[in-house]
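Worksheet: the structure to be examined is printed underneath.
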Amino acid sequence: MRLLELLNNPPREYTPIPFWFLNGDLRREEIKRQLRDFCDHGVYGVVLHPRIGLPPRIGYLSESFFGYLRVAIETAAELDMRVVLYDEGMYPSGSASGLVVRDHPELASRGLCHVETPAPGDTVLCPVAGGYLVERFSGGRLRGLHYGEDDGEPNQPLSADILNPEAVNRFIQLTHEAYYQHFAPHFGKTIIGFFTDEPSILGRNVRDMQPWTRGFADMFCQAGGNPAGLAGLFDGTENADTALYRRLMLERESEVYYASLSRWCQAHGIALMGHPHQSDDIEFERHFHVPGQDLVFRWVSPETGGTVGMDSTMGKCSADMARHMGARRNSNECFGACNRGGNPWHFTGEDMKWFIDWLAVRGVNLFIPHAFYYSLTGKRSAERPPDVGPGSIWWPHYQLWAGYMTRLSCLMAETEYQADIALLCRNRELHAEAAAPLFEGQRAFEYLPESLWADCREENGRLICGSRSYGAVVGAETLFPTVSHDPQTVAPDCLCDPAQPDLRIAALKYQGQPCWLLVNEGENDLQAQITLPVHEPLGQYDLWQNTTCALPGRNTEQGTQFRLSLPRRGSLLVFAAGEALPQPESLPALENIPFALIGQDPKACTKTYAATLPAYDTDVMVSVNAEEMAELFVNGQPCGVAFWAPQRFRIPHALTGGREAELRLVITGSLANRYGNQPVPYGLI
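Basically my numbering = 1-based index in the sequence shown + 356.
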């Protein structure tokens, strides 16, 4: 099967491209060393992210700053790596670390307030019940690059008004044009994109204010709005004026900020990348050449589930808009500050596996891990941890993680997603409550945003939108009346007996051949009879292990039925097999080997156990239950690593020679024990 050949050796373009926090006292040789180290671990791209912790000697956008970036970009070119430039000094984007406003205070962020009495400098919009609506500077900020410039610190930079074309043009001149002046020969080659990061109209640390910009009052009134009706923005009363305000604000931000950046990137041969401010900002995605989103702070997580709340829409938000646009890639800046229980650095391998699978099965095909830290010295280790790369416990084995993300990215980029349900949505109204039963019932859907409704047509009971076609529509029942509004009329992607609400499935096609990505999103092993709508033998491909074998099943009237055993944190690619495949192996499974603790190193967060393996004439599978990462050694030779319980290790017969063997098991605990605010247990459970 050609898809499996591709997944066995995916192109480098599908590499994860992590944020690389340039947060220390940069040195040329250290920059080169770290990039070579990334390559050695299967990472062939980086986002060059200036980050708080840079020393004062390296001023943002100074010649010194660009000198270090030149070392990084030229080294990346030598290593055949790809670079994404970051368009800000920290975040949110749009202010050039305060340089936009520094000599032009009139370009600072502005907002609309409801006040009892106007203050000096306010522009009164109109009187309303309880006072006045006034326009004023928001006082919003962004996080700066140097100590003393972070939230609440005295030198924190002011944010710029990204609804003001003059401010946005100045931002582009200060940042994008400066980067192009220094690195033009690398654009469209080593440099593939510019990353814009959650631009905010008001800036950070602003309360009781709504987005605004100079001249917006005239625009609002000319569109037929009554300013007094905007009091509803503050008391939660929705009306025609608040609806008009949101529409005009969406159009203004789209055209002034996102479209300006998009046009600049396209004209300079690179992609606009990054993500908008909110997880359900779907309409802004159309300006990105690589639509993206941002998974942070465990807003979705294994313990809360993957289908609840506004943030649960983010994976489909970027992936579905990319499909409508015909964009091959969509991204997610993932794992940022995803610590358990607010304990810095308590982020586990099983967490990372869950997040990767959660994103992939929803269609994300470019992973941007947050983050690899240039330096962890001093306060840097506490700045939006954890380091999920070189500073993590799994870095010695990161090729496994990089390979897995690369294969998933390749799979989701090279295949065609099959969906027969359109979920109608508006910006910031992606209806997580309507999406949840579709996910849990294995019914594939795509978000269809309002900006595309006018391009749709009804034909023979189906909804046609560009190259997409749907047999059912969810939402806005007065629209498209000839198309079914009952998703139950559409067959699910698979039949499950019994029902499996934790099973996620993506139905795909590669060059006409059907395949399905299955993910267990729950906390228990999944056992069910699964029927897929195909009448031919099936194969299974383990994207983590990179192994293939037949999937035993039987032909039924409804399709091919098989027994699915998908463990917790499990994922599997099932495909219609066009050729004979080896049968799955059945190995002796050993689960209760009496390991004894023989040593521990609190500084390294490790515990070591020993046991004796009886003689076997075949390969065997050893299973243990441990907190965090487990490495097994057999007769002193490495025999594998596992990152979530139960940790399973295949011990080759050749490694033991059929004789009794000595086992050594090393458990490495969370680095929350080193950097966090409370200890985390580790060892055998």
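Note that beta-carbon positions come from the ideal geometry of N, C-alpha and C, so glycine has one too. These numbers come from a predicted model, not from an experiment.
- Within the same chain, Leu851, Gln914, Gly915 and Gln917 come within 6 Å of Thr887 by CB-CB distance, once the 5 residues on both sides are set aside.
- Around the beta-carbon of Gly926, 16 or more other beta-carbon atoms lie within 10 Å, marking it buried.
- Going by beta carbons, Tyr730 and Gly401 fall outside the 8 Å limit.
- In this chain, the beta strand (DSSP E) harbouring Phe493 covers Gly487 to Phe493.
- Scanning Arg860, Tyr826 and Gly734 for the CA closest to the CA of Pro793 turns up Arg860.
- By the beta-carbon neighbour count (other beta carbons within 10 angstroms, threshold 16), Gly698 is exposed.
- By the Cβ-count criterion, Gly445 is buried, with 16 or more other Cβ atoms from all chains shown falling within 10 Å of its own Cβ.
- The segment 597-617 makes no contact with the segment 503-510, as fewer than three CB pairs between them are under 8 Å.
- Burial check for Val652: the Cβ neighbour count within 10 Å reaches 16 or more, so the residue is buried.
- Annotation: the continuous alpha helix (DSSP H) that includes Gln578 extends over Phe572 to Gln578.
- In the structure shown, Ile626 falls within a coil segment according to DSSP collapsed to helix, strand and coil.
- Straight-line spacing of the CA atoms in Asp553 and Gln956 works out to 42 Å.
- When secondary structure is reduced to three states using DSSP, Ser635 falls in the coil class, being assigned neither helix nor strand.
- The three-state reading of DSSP puts Thr962 in strand, counting E and B together.
- The beta carbons of Cys673 and Ser616 sit no closer together than 8 Å.
- Here Thr371 is buried, its C-beta having at least 16 other C-beta atoms within 10 Å.
- Inclusion of Cys781 and Gly831 in the CB contact set at 8 Å is warranted, their separation being smaller than that value.
- In the structure shown, Tyr535 adopts helical secondary structure according to DSSP, grouped into three states.
- Cys781: member of the beta strand (DSSP E) spanning Ile777 to Cys781, first to last residue.
- Taking C-beta atoms under 8 Å as the contact rule, His702 and Gly1039 fail to qualify, at a distance of about 16 Å.
- When rounded, the separation of the alpha-carbon atoms in Ala863 and Leu489 is 51 Å.
- Within the segment 392-475, the complete alpha helix (DSSP H) segments at least 4 residues long are 419-434 and 455-458, listed from N- to C-terminus.
- In this structure the segment 423-430 does not lie against the segment 461-469, because fewer than three pairs of beta carbons, one per stretch, are closer than 8 Å.
- If you look at Ser825, you'll find it in the beta strand (DSSP E) that goes Arg824 to Tyr826.
- Residue nearest to Asn880 within the set Arg608, Gly496, Arg654 and Gly661 is Gly661 (criterion: CA-CA distance).
- Distance from Val656 to Trp714 at the Cβ level is roughly 7 Å; contact confirmed, criterion being Cβ atoms closer than 8 Å.
- The DSSP-derived three-state label of Gly759 is helix.
- Taking a C-beta distance under 8 Å as the contact criterion, Ile518 and Gly450 qualify as a contact pair.
- According to the DSSP secondary-structure assignment, Arg813 is paired through a beta bridge with Ile820.
- The C-beta distance from Met677 to Phe723 rounds to 18 Å, too long to meet the 8 Å contact threshold.
- In the same chain as Ala790, and ignoring 5 residues on each side of it, the C-beta atoms closer than 7 Å to its own belong to Leu779, Val830 and Gly831, in chain order.
- Excluding five sequence positions before and after Ser737, the CB atoms of its chain that fall closer than 7 Å to its own CB belong to Tyr1031, given in chain order.
- Within the same chain, Asn981, Ala982, Glu983 and Ala1001 come within 7 Å of Ile1041 by CB-CB distance, once the 5 residues on both sides are set aside.
- Look at the segment 984-1027 and you find these whole runs of alpha helix (DSSP H), each 4 residues long or longer: 1009-1012.
- The beta-carbon separation of Arg497 and Gly559, rounded to 5 Å, stays under the 8 Å limit for a contact.
- The shortest CA-to-CA distance from Phe795 to any of His726, Met681 and Glu877 is the one to Glu877.
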